[in-house]
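> Pasting in a structure now, in structure tokens, and then I'll have a few things to ask.
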Amino acid sequence: MSKKGLLISNDHSVLVTGGAGFIGSNLCDFLIQNGNKVVCLDNFATGKKENISHLLENENFQLIEGDIRNMEDCIKACSLVDYVLHQAALGSVPRSIKDPITSNEVNVTGFLNMLVAARDSDIKRFVYAASSSTYGDSKGLPKMEEVIGKPLSPYAITKYVNELYADIFAKTYGIETIGLRYFNVFGKRQDPNGAYAAVIPKFVMQLMKHQSPNINGDGTYSRDFTYIDNVVQANIKALTTKNKRAANSVYNIAFGERTSLNDLLSILKDYLSEYDPKIKDINTIYGPLREGDVPHSLASIQKAQDLLNYQPTHNLKRGLKEALSWYWDNLK
Ligand SMILES: NC(=O)c1ccc[n+]([C@@H]2O[C@H](COP(=O)([O-])OP(=O)(O)OC[C@H]3O[C@@H](n4cnc5c(N)ncnc54)[C@H](O)[C@@H]3O)[C@@H](O)[C@H]2O)c1
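Counting from 0, one number per residue, gives the positions in the sequence shown under numbering that gives the first Met the number 0.
Dropping the structure here:
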């Protein structure tokens, strides 16, 4: 994919909410590297200054330390830009089970604030992070955008409500929205620490420290792991597509293959053994299943391919090679 083809325009500017987080900071990097102006709105709830420290001196980058639960912060940020990539949210199913009120305040009220601010600032397009958790208890595989089940967690409800609000704002106020249902994203800067860490960085960190990784269940649960470069590409294509039929809809963003947790772990051990041979012999600990987890997840990416011209470049193995090199260099 030619990077030039993804340029928006030098006189256009993009707000990345949650821009100090894992996905948001990778989006900021791409936009800045391609000559765009970027405003980052983040309250550092889970994001980190170090994820954007290299951008702070760049004249095209502006940080607003603020909270999407505060309408004034949303209005200020939207007034500076033409486009929005809304990533700010509290992720993690277990976090939302422990504290559903805060998840709702950030993910639903914060989202609504951002939509209102975007509407009132004449934002050209509002692209937002939706989630595969919206498929809930639907059993069919691969997941197709039009068929969802009942949500299995407060987090999943918040992400589904986002889609409902985006749809109503498009119909009622004419704002253009595109929702991207991410499937288990991984890559550089994803936080390996804390109770709510995602599975890939958590396993990587445990293996690097010679600790036994814990699998919830027997390891046969599977996921459509999606490398960050694919997610960045999807956001830029959603932001720039001229295909009018693409707007006001939601898309699965994944690679389109599923891998069990057991297979993931064996690939990780294999690749990390190239850095440290002792990692090959580390045992796995199996524990009880986790509340709210869906057994299997696999996306159909046909709709994103057809309407957004989304073409994922990295499968799990290619993505892991790049991600592991970053984790080894930065966290070892
Ligand atoms: N990582 C995944 O696999 C995945 C999967 C599906 C959906 N998503 C969604 O993608 C988005 C980005 O996720 P991520 O993995 O980069 O998580 P992250 O935690 O690294 O990033 C979220 C960012 O939002 C910021 N934030 C949180 N609350 C805020 C608030 N009230 N005001 C302003 N900023 C706030 C955080 O500080 C952080 O920088 C989220 O909306 C998440 O729900 C992620």
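Using N, Cα and C, we set each Cβ at its ideal position, and we do this for glycine too.
Given the structure is predicted, the values throughout are model-derived calculations rather than measurements.
Within 10 angstroms of its Cβ, does residue 290 collect 16 or more other Cβ (buried), or is it exposed?
In the sequence shown, counting from the first residue as 1, residue 290 sits at position 291. Exposed, because fewer than 16 other Cβ atoms sit within 10 Å of the Cβ of residue 290.
> Please give me, in chain order, every unbroken run of the beta strand (DSSP E) with length at least 3 that falls completely inside the region 61 to 136.
Entirely contained in the region 61 to 136, the beta strand (DSSP E) runs reaching 3 residues are, in chain order, 82 to 85 and 124 to 130.
> Going by DSSP in three states, residue 45 sits in which element: helix, strand or coil?
Along the sequence shown, read from residue 1 onward, the residue named residue 45 stands at position 46. Three-state result, residue 45: coil.
> Is residue 60 close to ligand 1? I mean its beta-carbon at under 8 Å from any heavy atom of the ligand.
The residue you call residue 60 lines up with position 61 of the sequence shown. Outside the cutoff, so no.
> For residue 295, which of helix, strand or coil comes out of DSSP?
Taking the first residue of the sequence shown as position 1, residue 295 is located at position 296. Looking at residue 295 - three-state DSSP - the assignment turns out to be strand.
> If you drop the 5 nearest sequence neighbours on each side, which residues of the same chain put their C-beta closer than 8 Å to that of residue 43?
Your numbering for residue 43 matches position 44 in the sequence shown. These residues qualify, in order along the chain: 19 and 64.
> How big is the Cα-Cα spacing for residue 326 and residue 203?
Within the sequence shown, residue 326 is the residue found at index 327, counting from 1. Within the sequence shown, residue 203 is the residue found at index 204, counting from 1. Their Cα atoms are separated by approximately 8 Å.
> Going by alpha carbons, who is nearest to residue 241 out of 197, 307 and 222?
By one-based count along the sequence shown, residue 241 stands at place 242. For the residues 197, 307 and 222, the minimum Cα distance to residue 241 belongs to 307.
> Compute the beta-carbon to beta-carbon distance between residue 40 and residue 16, rounded to the nearest angstrom, for a pair I have assumed lies under 8 Å.
Counting from 1 along the sequence shown, the entry for residue 40 is found at position 41. Counting from 1 along the sequence shown, the entry for residue 16 is found at position 17. So it is a contact: roughly 5 Å between Cβ atoms.
> Relative to ligand 1, is the shortest distance from any of its heavy atoms to the C-beta of residue 92 smaller than 8 Å?
As a working note, residue 92 is residue 93 in the sequence shown. The answer is no for residue 92.
> Across the region 184 to 193 and the region 255 to 266, are there enough close Cβ pairs to call them in contact, namely three or more that are closer than 8 Å?
Result no; under three Cβ-Cβ pairs closer than 8 Å.
> Tell me the residue span of the beta strand (DSSP E) that contains residue 12.
Here residue 12 refers to the residue found at position 13 of the sequence shown. Note, residue 12: beta strand (DSSP E), 12 to 16.
> Report all residues from its chain with a CB closer than 6 Å to the CB of residue 82; omit the five preceding and five following residues, and keep chain order.
Here residue 82 corresponds to residue number 83 of the sequence shown, with the count starting at 1. Contacts found: 13, 123, 124 and 238.
> Got a sec: does ligand 1 put a non-hydrogen atom nearer than 8 Å to the Cβ of residue 16?
Along the sequence shown, read from residue 1 onward, the residue named residue 16 stands at position 17. Yes - ligand 1 has a heavy atom lying nearer than 8 Å to the Cβ of residue 16.
> Can you say whether residue 330 is buried or exposed, counting buried as having 16 or more other CB atoms within 10 angstroms of its CB?
Against the sequence shown, residue 330 aligns to sequence position 331. With fewer than 16 other Cβ atoms within 10 Å, it is exposed.
> Indicate the three-state DSSP secondary structure (helix, strand or coil) for residue 323 in the structure shown.
Position 324 of the sequence shown, counting from 1, holds the residue named residue 323. In this structure, residue 323 counts as helix in the three-state DSSP scheme.
> Going by C-alpha to C-alpha distance, which of 214, 137 and 301 sits closest to residue 151?
In the sequence shown, residue 151 corresponds to position 152, counting from 1. Closest option to residue 151, Cα to Cα, is 137.
> For residue 334 and residue 200, what's the separation of their Cα atoms in angstroms?
Limits of the chain in this structure are 0 at one end and 331 at the other, which puts residue 334 out of reach.
> Just to confirm my understanding: we take residue 74, look at its own chain, exclude 5 residues before and 5 after, and list those with CB closer than 8 Å. What are they?
Against the sequence shown, residue 74 aligns to sequence position 75. Contacts found: 116, 119 and 120.
> Which residue's Cα is closest to the Cα of residue 274: 76, 166 and 207?
As a working mapping, residue 274 is identified with position 275 in the sequence shown. When only C-alpha atoms are compared, the closest one is 207.
> Please classify residue 129 as buried or exposed, where buried requires at least 16 other C-beta atoms within 10 Å of its C-beta.
Against the sequence shown, residue 129 aligns to sequence position 130. So residue 129 counts as buried.
> If you follow the beta strand (DSSP E) that residue 193 is in, where does it begin and where does it stop?
Translated into the one-based positions of the sequence shown, residue 193 becomes position 194. No beta strand (DSSP E) contains residue 193, which DSSP labels as neither H nor E.
> Enumerate in chain order the residues of its own chain whose CB-to-CB distance from residue 11 is below 6 Å, with the five nearest sequence positions on each side excluded.
As a position in the sequence shown, residue 11 is number 12, starting the count at 1. 81.
> Check whether the Cβ atoms of residue 177 and residue 249 sit closer than 9 Å, and answer yes or no.
Here residue 177 refers to the residue found at position 178 of the sequence shown. Here residue 249 refers to the residue found at position 250 of the sequence shown. Yes; because the gap between Cβ atoms is below 9 Å, this pair is in contact.
> Quick check: residue 68 and residue 194, are their CB atoms within less than 9 Å of each other?
Walking along the sequence shown from the start, residue 68 turns up at place 69. Walking along the sequence shown from the start, residue 194 turns up at place 195. Not in contact: residue 68 and residue 194 (Cβ atoms no closer than 9 Å).
> Consult DSSP for residue 257 and reduce its assignment to one of helix, strand or coil.
In the sequence shown, the residue the question calls residue 257 occupies position 258. Of the three classes helix, strand and coil, the one that applies to residue 257 here is coil, per DSSP.
> With respect to the beta strand (DSSP E) encompassing residue 176, which residues constitute its N-terminal and C-terminal limits?
Position 177 of the sequence shown, counting from 1, holds the residue named residue 176. It spans 176 to 181 - the beta strand (DSSP E) in which residue 176 sits, taken as one unbroken run.
> If you measure from the CB of residue 181, is any heavy atom of ligand 1 nearer than 8 Å?
Position 182 of the sequence shown, counted from the start, is the residue given in the question as residue 181. Checking every heavy atom of ligand 1 against the Cβ of residue 181, one is found closer than 8 Å.
> Could you name the residues of the same chain whose beta carbon sits closer than 8 Å to that of residue 59, not counting the 5 residues immediately before and after it, in chain order?
Locating residue 59 in the sequence shown gives position 60, where the first residue counts as 1. Answer for residue 59: 31, 34, 35, 36 and 37, listed in chain order.
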